[in-house]
Amino acid sequence: MSEHNEHAQHIVGPGVYLVILFALLIGTALTVWASFLELGFWNPIIALAIATTKAVLVVLFFMHVKYSSKLTKLTVISGIFMFLVLISMTLTDYISRAWGSW
Amino acid sequence: MSEHTIVSLPDQATARIPKDNYITRENGLLSWLLTSDHKRIAILYLISITFFFFIGGALAGLIRLELLTPQADLMATDTYNKVFTMHGVIMIFFFLVPSVPATLGNFFIPMMIGAKDLALPKINLLSWYLYMTGGLLALYTMTVGGVDTGWTFTTPLSTHYVNTNVLTTGLAVFVAGFSSILTGLNFIVTIHKMRAPGLTWFRLPLFIWANYAASILMVLGTPVLAIAIVLVALERTLGIGVFDPTKGGDPLLFQHLFWFYSHPAVYIMILPGMGVISEVISNFSRKRVFGYTAVAFSSVAIAVFGFFVWAHHMFIMGISNYAVLVFSLLSMLVAVPSAIKIFNWSLTLYKGSITFETPMLYAFGFIGLFTIGGMTGVFLGTSGTDIHLTETYFIVAHFHFVMVGGMLMAFLAGIHFWWPKMTGRMYPEKISQLAAVVTFIGFNLTFFPQFILGMLGMPRRYAAYPPEFQILNVFSTAGATILGVGYLLPVLYLIWSLRYGAIAGDNPWQATGLEWQSQSPPLTENFAEIPVMDHEAYDYEWLEKQQKEKGVASAE
Amino acid sequence: MPNSSVHTAESAHEEHPAYLRHHFNSTEQQADAAGFAMWLFLLTEVMFFSGLFTAYLIYRNWYYPAFVSGSHQLNVVWGTTNTVVLIFSSFTMAMGVWCAETRRRRGLVLSLTLTFILGLGFLGIKTIEYREKIEKHHVPGFHYSMQSFLDPQSDPEVYAEYHDKPLVPDMARHTELYFSLYFLMTGMHALHMIIGIGILGFMILRARAGAYTAGHVTFVENIGLYWHFVDIIWIYLFALLYLISRHQ
Chain A
6 MSEHNEHAQH IVGPGVYLVI LFALLIGTAL TVWASFLELG FWNPIIALAI ATTKAVLVVL
66 FFMHVKYSSK LTKLTVISGI FMFLVLISMT LTDYISRAWG SW
Chain B
7 MSEHTIVSLP DQATARIPKD NYITRENGLL SWLLTSDHKR IAILYLISIT FFFFIGGALA
67 GLIRLELLTP QADLMATDTY NKVFTMHGVI MIFFFLVPSV PATLGNFFIP MMIGAKDLAL
127 PKINLLSWYL YMTGGLLALY TMTVGGVDTG WTFTTPLSTH YVNTNVLTTG LAVFVAGFSS
187 ILTGLNFIVT IHKMRAPGLT WFRLPLFIWA NYAASILMVL GTPVLAIAIV LVALERTLGI
247 GVFDPTKGGD PLLFQHLFWF YSHPAVYIMI LPGMGVISEV ISNFSRKRVF GYTAVAFSSV
307 AIAVFGFFVW AHHMFIMGIS NYAVLVFSLL SMLVAVPSAI KIFNWSLTLY KGSITFETPM
367 LYAFGFIGLF TIGGMTGVFL GTSGTDIHLT ETYFIVAHFH FVMVGGMLMA FLAGIHFWWP
427 KMTGRMYPEK ISQLAAVVTF IGFNLTFFPQ FILGMLGMPR RYAAYPPEFQ ILNVFSTAGA
487 TILGVGYLLP VLYLIWSLRY GAIAGDNPWQ ATGLEWQSQS PPLTENFAEI PVMDHEAYDY
547 EWLEKQQKEK GVASAE
Chain C
15 MPNSSVHTAE SAHEEHPAYL RHHFNSTEQQ ADAAGFAMWL FLLTEVMFFS GLFTAYLIYR
75 NWYYPAFVSG SHQLNVVWGT TNTVVLIFSS FTMAMGVWCA ETRRRRGLVL SLTLTFILGL
135 GFLGIKTIEY REKIEKHHVP GFHYSMQSFL DPQSDPEVYA EYHDKPLVPD MARHTELYFS
195 LYFLMTGMHA LHMIIGIGIL GFMILRARAG AYTAGHVTFV ENIGLYWHFV DIIWIYLFAL
255 LYLISRHQ
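Residue numbers (my numbering), protein chains in the order written: chain A, 6 to 107; chain B, 7 to 562; chain C, 15 to 262.
Written out as structure tokens, the structure reads:
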């Protein structure tokens, strides 16, 4: 019965990390630049999209999730899912309050 | 009661408790207080939650005593508020939430999966210390004036309008919450990573599935309670305005965060009990649980759906009608998996060889009372009826039916079922059966009138009530007295059994779980040899074959 | 023995090293369990912060002008610098994990030390920012002042950049909520940074003694996970708190 431990078998090297570092720095520059543009309701969407892309890169490569077991991936997804459930279902109340009584 | 029993004890003249077991392996108080053995930690928990249960029970006695008369004559209304608040806080956070997981779960999850301990033994001990710290803080709070906001700490009452000990109680709950998180985390890692060879997910006892589902709730839900408490503390001390309407904050935000945990919390409380019932029903009908897969998945479904329904505690609080609609609909969904379990247990009984030992009596009580409690939950989840029933004694009756008639009975079923394994001794059967019946009668007399009181309009959390409600309150208090006797008896005879109980042997119940393959009480390392799992759960044929091979007389 | 594989003397020692706990069957199982436990802990952290993010989203929606004005009081240069600092610290932390995995003791110590220093740098910048908030009376509580929002021209630095319009008193009051959330969220984040830096300090000492470069890398890996998580929280805090709307 051998334990299949992926991160012991797959060591992520400095090359990958450097690429991700540059991607994150570019993303930071991009998001700061975008915040100075007048884009109405797109501003927060773009900011969050860039932030999420950066977060995904950190999770996949710095945190090795890309090379991890299905269980790890499932754990990450369930955390994100629960986070979104709290926010979105609470917002169903706040968004609909102004709609009045039917 | 039928004389027919499946109990099979060794010859009492020659039987002895095994000399080397987890209790005798090391001596001295420190060996217990610094242990990393999951079984010793379970016993530490068992003693402490029993202690807190009786504190909470004493507070309940005070409530029922006050409610004998329509006037607030036994205590001032402020004091009454403090009494029911601490009753709720202690019973929920210091008894119900840890009850089965921290005692039976801690003791038996490693054994049921053939492991030597939980994945993180020292974290397990830390859990207990956090629990004790929270508990002692709660007790301390009671000595310096308590808190009177109700266990739900509703804002802005708790943040702006009371000068009682919200902060210390909040801290006690916060600390206890981390205890719960660490226990759940430990269980999830253990169940995923430490199963014996051959023990696939669908060969696991349903007790494991139930605790696994509850652990997911503990890990994902409790942190939100933690942040809610932090925000209340900051609101009270610094006035940051997050829940203060005069500063633009919304008190309902607290309730959203609070109930996001507290609704899954009720499933944290009940799921492990349901796990116990699966084990007990199967064992005392000598039949595998009907629809194993459905019961297993229903545990996970309860956990998942349980996260989507929290605002059904807030229907009248000022959330939008659309939110009421959404959450009411979703609440209908969450009842389904619970009902699936009830059906499957019933079908397990059908054509089984049923005997009526004490654990089974408690299990029957559970099925009846939880069904009533659960169905009344549907009335409450239906927003139209909830408007009339919420904040009345109907709610009090509903949650006591599921928590006391359900969960507490399941806990007692589990304690009795696994007592011989934990202690090596059998409890006395006749008096324990009597206690179970007394509890059942006392429970119904206490809480059934409260459904009627609620429908008639008696509000909850009031020390005084209109005189026409008195007769039902008197019934309720009478029932509570009987119930108290029913709970006191087990403490007495279980302690008695430690010295005078019959020697149980390895498997007095002829049960199929891996934990019964060890000696009673077990070795510190659980098994002399890690067993290999080559059969399905609840495989009574396998057990019979094994016993024939060993030359042991089987049940019947 | 459940394991039926043949052992050489070397692999037998590998299989029962001193750090293998008795309740685990193998170092792989132990490392697996520890990593999984750390991920579950991070899930609890996500849910802990999610309450704050929920509060933030709701109040930003309700009091958008106040949040815009409040965010203009944050210095984008410091904020961006801090983001860059943390990104580099995540890089050095990841390099530390690589060094531990490839048994480079000096590289590990260097990486952890750089991460430590960058972490301190982050906290240093945060201190500068917090001090500025205190001086301008933008800390919620008794000394909170709405002056900068009722009369933006009284704050020439910020006014020169954004030319904010004055807020009506009702809306100006809600800037206090913005700053409450700012301090709460960045404060909670900073607390996690402090804990991380403390653990890093301990790790540097142990790393110098070779504790993590002899095959037992679990601790470094798991603290790495924690560090990256704290970085991710900041990535979102930066986007939400600093970059609400910088065009005016």
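No residue lacks a Cβ here, since even glycine has one placed at the ideal position from N, Cα and C. Note that the structure is predicted; figures quoted are calculated from it, not measured.
Any C-beta of chain B under 8 Å from that of methionine 68(A): no
Test: glutamate 42(C) CB closer than 8 Å to a CB of chain B: no
Chain C contact residues for isoleucine 92(A), given Cβ-Cβ distances below 7 Å: Ser64, Phe67, Thr68, Leu71
Beta-bridge pairing of isoleucine 237(C) - partner residues as DSSP gives them: Per DSSP, none; premise fails for isoleucine 237(C).
Same chain, Cβ closer than 8 Å to glutamate 146(C), five either side skipped, listed in chain order: Asn89
Buried/exposed call for tyrosine 135(B), threshold 16 Cβ in 10 Å: exposed
8 Å Cβ cutoff met for threonine 97(C) and phenylalanine 233(C): no
Endpoints, the alpha helix (DSSP H) within which isoleucine 536(B) is located: Element bounds for isoleucine 536(B): n/a, residue is neither H nor E.
Three-state class that DSSP yields for proline 465(B) in the structure shown: Strand at proline 465(B).
Spatial neighbours of isoleucine 214(B) in its chain, beta-carbon cut-off 8 Å, leaving aside the 5 residues before and after: Ile115, Met118, Ile119, Ile197, Gly281
Aspartate 17(B), buried or exposed, once every other Cβ within 10 Å from all chains shown has been counted against 16: By the neighbour-count rule (16 or more Cβ atoms within 10 Å), aspartate 17(B) is not buried but exposed.
As assigned by DSSP and simplified to three states, the class of arginine 220(C): Correct three-state label for arginine 220(C): helix.
Chain-ordered neighbours of leucine 498(B) on chain C, where CB pairs are closer than 9 Å: Residues of chain C passing the Cβ test: none, with the nearest at roughly 36 Å.
Alpha-carbon spacing of glycine 420(B) relative to valine 286(B), whole angstroms: 8 Å
Three-state secondary structure (DSSP) of serine 19(C): The predicted model places serine 19(C) with a pLDDT of 41, which falls under 50 and marks its position as unreliable; any figure quoted below should be read in that light. Coil.
Cβ contact check for the segment 382 to 399 of chain B and the segment 257 to 268 of chain B: 3 or more pairs under 8 Å: no
Inter-residue CB distance, alanine 47(C) and alanine 125(B) (contact presumed, cutoff 8 Å): 4 Å
Between the CA atoms of glycine 511(B) and alanine 234(B) - distance to the nearest angstrom: Going from the Cα of alanine 234(B) to the Cα of glycine 511(B) covers about 49 Å.
Among Pro19(A), His15(A), Ser93(A), Phe66(A), nearest to isoleucine 246(C) - alpha-carbon criterion: Phe66(A)
Inter-residue spacing [alpha-carbon to alpha-carbon] between glutamate 531(B) and isoleucine 148(C): The C-alpha of isoleucine 148(C) is placed about 58 Å away from the C-alpha of glutamate 531(B).
CB contact below 8 Å: histidine 30(C) versus chain B: no
Whole-angstrom C-beta distance between leucine 126(C) and leucine 56(C), which should lie under 8 Å: That belief does not hold up - the Cβ atoms of leucine 56(C) and leucine 126(C) are roughly 20 Å apart, past 8 Å.
Buried versus exposed call for aspartate 154(B) [16 or more other C-beta atoms within 10 Å across all chains shown]: buried
Cβ-Cβ distance between asparagine 27(B) and leucine 520(B) below 8 Å: no
Chain C contacts made by the segment 262 to 291 of chain B, where a contact means CB separation under 7 Å: Leu263
Simplified DSSP assignment, three categories, for isoleucine 214(B): helix
DSSP state of arginine 74(C) mapped onto helix, strand, coil: helix
Below-8 Å beta-carbon distance, alanine 219(B) vs any chain A residue: no
Residue from Ile187(B), Val491(B), Tyr218(B) with nearest C-alpha to valine 230(B): Of all alpha-carbon atoms in Ile187(B), Val491(B), Tyr218(B), the one lying nearest the alpha-carbon of valine 230(B) is that of Ile187(B).
Neighbourhood of valine 111(C) by C-beta, 6 Å cutoff - its chain only, sequence neighbours within 5 removed: Val234, Glu235, Gly238
Three-state secondary structure assigned by DSSP to arginine 431(B): strand
Neighbouring residues, chain B, relative to histidine 36(C) (Cβ below 9 Å): Lys122, Asp123, Glu531
Residue burial classification, threonine 22(C) (beta-carbon count within 10 angstroms, cutoff 16): With a pLDDT of only 47 at threonine 22(C), under the threshold of 50, the placement of this residue in the model should not be trusted; the figure read from the coordinates follows. Under this definition threonine 22(C) is an exposed residue.
Burial state of glycine 390(B), where buried means 16 or more other Cβ atoms lie within 10 Å: With fewer than 16 Cβ atoms within 10 Å of its Cβ, glycine 390(B) is classed as exposed.
For isoleucine 509(B), the residue or residues it bridges with in DSSP: In the DSSP assignment, the residues bridged to isoleucine 509(B) are Arg431(B).
Buried versus exposed, by CB contacts within 10 Å (16 or more), methionine 107(C): buried
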